[in-house]
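Heads up: the structure comes next, in C-alpha cells.
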Amino acid sequence: MAQHLTDQNIQDIVEILDYWSPNEKLTWERLCKAIEVQLELVPAPTRQTLQKFARIKNAYDLGKNLQQL
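Note that my numbering gives residue 569 to position 56 of the sequence shown, counting from 1, and the numbers run on in steps of one.
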C-alpha cells in the first residue's frame, strides 16, 4: 500500500533535492532510491506520487535545470 506523505516528509524530500550533488545525475528513480535510503520510507513513493506535490516537483525541476547549465 502506498504511503501518505506528511508535510515533514515533503520538506525532507525537498531538502534532499536542494542538496543533490551536481556531479550525480538527478532522475526520479535515483530520487526514489535516495528517499528510501535517507528517509527510510519503504517502499519509497513513486514518481507519480512525488509529482503531485508542487514543492517537490518545483525542487526537482530546479535541480534538473541546474544540471543542464
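For glycine and all other residues, C-beta sits at the position ideal for the given N, C-alpha and C.
Notebook entry, point to check: Is DSSP giving ALA557 helix, strand or coil here?
Noted result: Walking along the sequence shown from the start, residue 557 turns up at place 44. Coil at ALA557, not helix or strand.
Item checked: Helix, strand or coil at ASN536 [DSSP, three-state] -> Locating residue 536 in the sequence shown gives position 23, where the first residue counts as 1. Three-state result, ASN536: coil.
Next item on the list: For my contact list, LEU552 and ASN578 are in at a C-beta cut-off of 8 Å; report their separation, rounded to the angstrom.
Entry: Walking along the sequence shown from the start, residue 552 turns up at place 39. Walking along the sequence shown from the start, residue 578 turns up at place 65. Going by Cβ atoms, the distance from LEU552 to ASN578 rounds to 24 Å, so no, they are not a contact pair.
Check: Taking the C-alpha atoms as reference points, what is the distance between LYS538 and GLN580?
Finding: Taking the sequence shown and counting its residues from 1, one reaches residue 538 at position 25. Taking the sequence shown and counting its residues from 1, one reaches residue 580 at position 67. If I take the Cα positions, the gap works out to 8 Å.
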